[in-house]
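For the sequence shown, the numbering used here assigns the number 1434 to the initial residue and increments by one for each residue that follows. Virtual Cβ for every residue (Gly too), placed ideally from N, Cα, C. Take a look at the structure set out below.
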Amino acid sequence: MPVTPHYVAPRAPIVLCHGLYGFDKLGPDALPLLQVQYWGGIENELAKLGAKVIVTKVPSTGSIWDRAHTLHSILKSILDGRDVNFVAHSMGGLDCRYLISHIPDRPYKINSLTTISTPHRGSPVMDWFRDNVEFAKSPKVMKQLIRLVDTEAYANLSTDYCKNYFNPNTPNDPNISYYSYGANASFPAWSLLNLPSKWIKEKEGMNDGLVSVESAKWGTYIKTLQADHWDLNGQR
């Protein structure tokens, strides 16, 4: 996903916050050419435009609570007295919203939060996982596979949790600017996102394979990107 040519870098650092199963980088620092970056080339492109970028890493399948507190611990250790702008992909947007609403004593000041295909109202795909992929219901031969997806994160991303619990208890801060992007894509029959996309389209309309455009809207909605959920962090 290219950076818009007329983009003007903010004075305050940009903090990049990853989504479910996210990371900062994979691979040895001694061999940077072999590393896989969660944010693809986005960090470098922003840096070329003069932005100071901070890439964070939180528990990849942790709850929103765990991830938000980890993010806060990272930032308070490096940003004492600094202003910051959050840019968050997918679940990372919920982490940031929780931090803003529930961790008030911060030695840094948050100017804005921009979310990219964050499931602010949950995802029907996560409803399916919550209801059907539970460790206790699985035969022994499947336990290792199910262990990968039977996490608190899935419950935290369900539609009823986000709509009925998280959102009512996580209000916006009037002193912080909220922006959002959604995404829409079509998928070939062989794509892993083809079936999830159909599930979501039946319930919520346009989507990127995991999150609907309607669920992604929060604060000032900027635009709908033509990309799938895995394109949005610049890895492809």
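- Contact belief for I1487 with V1448 at Cβ below 8 Å, rounded distance in angstroms: With a Cβ gap of about 5 Å, I1487 and V1448 count as contacting.
- Any heavy atom of the ligand COA closer than 7 Å to the CB of F1562? Because no ligand of any kind appears in the structure shown, any question about the ligand COA cannot be addressed here.
- Query: What are the start and end residues of the alpha helix (DSSP H) that includes K1631?
  - Reply: 1627-1637
- Message: Along the chain, where does the alpha helix (DSSP H) containing F1519 start, and where does it finish?
- Response: Unbroken run through F1519 is the beta strand (DSSP E), 1516-1522; no alpha helix (DSSP H).
- Give the single residue among D1661, W1651, F1599, P1492 whose Cα lies nearest to the Cα of F1620. D1661
- Would the beta-carbon of C1450 fall within 8 Å of that of C1529? yes
- With DSSP collapsed to three states, give me the class of S1545. strand
- Taking the CB atoms as reference points, tell me whether A1445 and D1538 lie closer together than 8 Å. no
- Could you tell me the distance, in whole angstroms, from the CA atom of S1624 to the CA atom of P1540? 44 Å
- Query: Quick one: what does DSSP say V1644 is sitting in, helix, strand or coil?
  - Reply: coil
- Message: Please classify P1601 as buried or exposed, where buried requires at least 16 other C-beta atoms within 10 Å of its C-beta.
- Response: exposed
- Within the same chain, show all residues whose beta-carbon is closer than 6 Å to that of D1513, passing over the 5 residues directly before and after it, in chain order. So the qualifying residues of the chain are P1540.
- Cα-Cα separation, A1618 to G1638: 11 Å
- Cutoff 7 Å; reference Y1611; Cβ partners in own chain excluding five residues on either side: Only L1546, N1605, W1651, G1652, T1653 meet the Cβ criterion.
- Considering only the beta carbon of each residue, do V1520 and T1503 sit closer than 8 Å? For V1520 and T1503, no; Cβs fall outside 8 Å.
- Task: Out of T1657, K1634, I1543, state which residue places its alpha-carbon closest to the alpha-carbon of L1508.
- Result: I1543
- When burial is assigned at 16 or more other CB atoms within 10 Å of the CB, is A1501 buried or exposed? A residue is called buried when at least 16 other Cβ atoms come within 10 angstroms of its Cβ; A1501 meets this threshold and is buried.
- Task: Locate the alpha helix (DSSP H) running through K1509, then write down its first and last residues.
- Result: 1497-1511
- How about G1615 and H1522: are their beta carbons less than 8 Å apart? Taking 8 Å as the cut-off, the Cβ atoms of G1615 and H1522 do not count as close.
- Within the same chain, show all residues whose beta-carbon is closer than 6 Å to that of E1647, passing over the 5 residues directly before and after it, in chain order. E1637
- Within this structure, are the beta carbons of H1505 and L1532 separated by less than 8 Å? Yes.
- Query: Nearest to R1563 by alpha carbon, out of A1588, S1493, G1495, S1496?
  - Reply: Nearest neighbour of R1563 by Cα position, chosen from A1588, S1493, G1495, S1496, turns out to be A1588.
- Along the beta strand (DSSP E) that carries Y1611, what are the first and last residues, could you check? DSSP places Y1611 inside the beta strand (DSSP E), whose first and last residues are 1610-1617.
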